[in-house]
Structures are given as structure tokens and as C-alpha cells.
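Note that UniProt numbering has the sequence shown beginning at 1, numbered continuously upward.
Below is one structure, written out as C-alpha cells, with a few remarks after it.
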Amino acid sequence: MQPIMNPKYPGLSVRVADEGFAPYIWGSDFSFEVAAYGAAEIGKPVEQWRVTPITPYRKCYGIDPEEFSSFRDAADSAVFMAYLDDEPVGHLVVSTNWNGFAHIDELAVHAPARRHGVAKALLDVAQFWSRKKKLPGIMLETQNNNLGACRLYERCGFVIGGIDHLRYRGIDPNTAEVALFWYRLFDNPLENPLSSTTSPRLVP
Numbered sequence: 001m002q003p004i005m006n007p008k009y010p011g012l013s014v015r016v017a018d019e020g021f022a023p024y025i026w027g028s029d030f031s032f033e034v035a036a037y038g039a040a041e042i043g044k045p046v047e048q049w050r051v052t053p054i055t056p057y058r059k060c061y062g063i064d065p066e067e068f069s070s071f072r073d074a075a076d077s078a079v080f081m082a083y084l085d086d087e088p089v090g091h092l093v094v095s096t097n098w099n100g101f102a103h104i105d106e107l108a109v110h111a112p113a114r115r116h117g118v119a120k121a122l123l124d125v126a127q128f129w130s131r132k133k134k135l136p137g138i139m140l141e142t143q144n145n146n147l148g149a150c151r152l153y154e155r156c157g158f159v160i161g162g163i164d165h166l167r168y169r170g171i172d173p174n175t176a177e178v179a180l181f182w183y184r185l186f187d188n189p190l191e192n193p194l195s196s197t198t199s200p201r202l203v204p
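Dropping the structure here:
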């Protein structure tokens with residue numbers, strides 16, 4: 001697959017992950033600040049959720065570059081890296097789920113590179129990959145304490161298909177963290193795989 005460029009951010013590109021994936025992971029900061037929990041409701045926009053502010057804290061997912069090594073160069077999965085001016089700043093892991101949807105197993109952006117369209121570009125690549133495989137849509141999971149991600153997914157056409165209040169109780173019985181399952185359904189996966197005005201474009 002050729003590199004994909006985003007016309008809105010000329011220095012931003014997405015490529016298939018290479019041997020630089022592990023060094024990029026170890027050298028990046030994927031943490032984010034949690035300042036509130038949202039009470040998600042199916043069918044209700046994120047901005048209308050009841051929000052409970054909390055004392056802010058920093059959350060960081062431990063990302064192991066070897067965890068998805070088998071996803072590279074596979075028939076039903078792929079790993080992509082995003083670059084800003086040739087510096088790796090984000091990545092996406094996508095696979096075909098048992099239910100026929102594309103599943104975003106991981107999406108992360110290096111903290112200093114956020115708000116440059118990186119996550120949106122990676123989601124566009126996930127859509128491109130999914131439509132090429134003629135899948136009916138994309139699914140992913142995030143949590144009610146990552147409201148920035150929830151707003152992004154909503155802007156990108158995802159809707160909540162399920163809410164799981166118990167998923168993280170085995171880790172912490174008192175947690176307020178709730179799993180939110182988002183879906184992007186394609187009306188017709190065979191038509192208009194990408195819009196040239198809003199999505200990345202393939203370059204030679």
C-alpha cells in the first residue's frame with residue numbers, strides 16, 4: 001500500500017508500519033488527562049451527556065509493540081503508522097472481527113502531535129482498508145473517561161452500539177470507568193470508498 005497523504009495537513013502521511021514501529025512506541029507518550037466521566041446514552045450526542053468532573057489525573061495505556069506483531073503483513077489485519085514531517089507520531093491496528101466488522105484494536109497518537117489531524121487520518125485509513133475488503137463497517141471500544149476520543153468518533157460518523165458498565169469491575173470493583181462500543185456503518189461498502197475532499201489521498 002502506498003503512503004497516504006492528507007491534503008489538509010501537507011506534512012501528515014500514513015504508511016504501513018515498518019521496522020521503526022517498536023522504537024516509535026518506546027519513544028512516544030500516549031497518556032492523556034482525565035478530568036471527567038460522561039454518562040453515555042445510546043442515541044444521544046456526546047455534548048448532551050451528563051458529565052461528572054473529577055480531580056484530573058493522567059492515564060497511560062501500556063502499549064507493547066510485540067503484541068500486534070502477527071497483525072503485520074497478514075491477510076485480515078494491518079498496522080499503520082502516521083508521520084508528521086517524516087516523524088512517527090501515531091499508529092492504528094485494524095483487523096477483521098469475528099462478526100464481520102473491521103475492528104480497530106488500537107489507535108494512539110503521541111501527545112505532542114495531537115490536534116494535527118493524526119487520529120482522523122488514521123481513522124480514514126481504517127475506513128479505506130475496511131471498504132477495500134468489502135466489510136459492512138468498523139467497530140472499536142473506548143471509555144467514558146476519554147471524552148475527547150468520543151467526540152472524535154462521533155464527528156467521524158460513529159455511533160454507540162453498546163455500553164458495558166461491568167467490563168472493568170474485575171480490575172477495580174469500584175471503578176467508574178464504562179466501556180463504550182462505537183460503530184461506523186457503511187451504507188454501501190462498494191461505493192465512494194473515500195471522498196477526495198475530506199479524506200487522505202493515495203500518492204505515487
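Beta carbons: idealized from backbone N, C-alpha and C, even for Gly.
Query, Result
"Residues of its chain near A102, where Cβ-Cβ distance is below 8 Å and the 5 sequence neighbours each way are ignored", "V94, S95, T96, A126, W129, S130, K133, L135, G137, I138, M139"
"Collapsed DSSP secondary structure at D105 in the structure displayed", "strand"
"For residue 209, the first and last residue of its enclosing alpha helix (DSSP H)", "Residue 209 is absent from the model: the chain starts at 1 and stops at 204."
"Contacts around A17, its chain only, beta-carbon distance under 7 Å, and the 5 residues preceding and following it disregarded", "R72, V79, F80, M81, H91"
"Cβ neighbours of F21 in the same chain (closer than 6 Å, five flanking residues each side left out)", "P65"
"Distance between beta carbons of W49 and A39, contact taken as under 8 Å", "5 Å"
"Helix, strand or coil at P65 [DSSP, three-state]", "coil"
"Cβ-heavy atom distance, G100 to the ligand PLP, below 7 Å", "This structure lacks the ligand PLP; in fact it carries no ligand of any kind."
"Spatially closest choice to V46 from P173, R115, C156, by CA coordinates", "C156"
"Whole-angstrom distance between S28 and F186, CA atom to CA atom", "33 Å"
"Span separating the alpha-carbon of I171 from that of L152", "27 Å"
"Where R201 falls: helix, strand or coil (DSSP)", "Residue placement at R201 is poorly supported in this model, since its pLDDT is 40, which falls under 50; the coordinates still yield a value, given next. Three-state result, R201: strand."
"Exposure label - I42; buried when at least 16 CB within 10 Å", "exposed"
"Euclidean distance between Cα positions of E106 and S70", "14 Å"
"CA-to-CA distance, V14 to D124, given in whole angstroms", "10 Å"
"Among E67, H110, C150, T55, nearest to S31 - alpha-carbon criterion", "H110"
"Three-state secondary structure (DSSP) of P23", "helix"
"CA-to-CA distance, E154 to R184, given in whole angstroms", "9 Å"
"Neighbourhood of I25 by C-beta distance below 6 Å, restricted to the same chain and skipping five residues each side", "I63, P65"
"First through last residue of the beta strand (DSSP E) which encompasses R50", "50-59"
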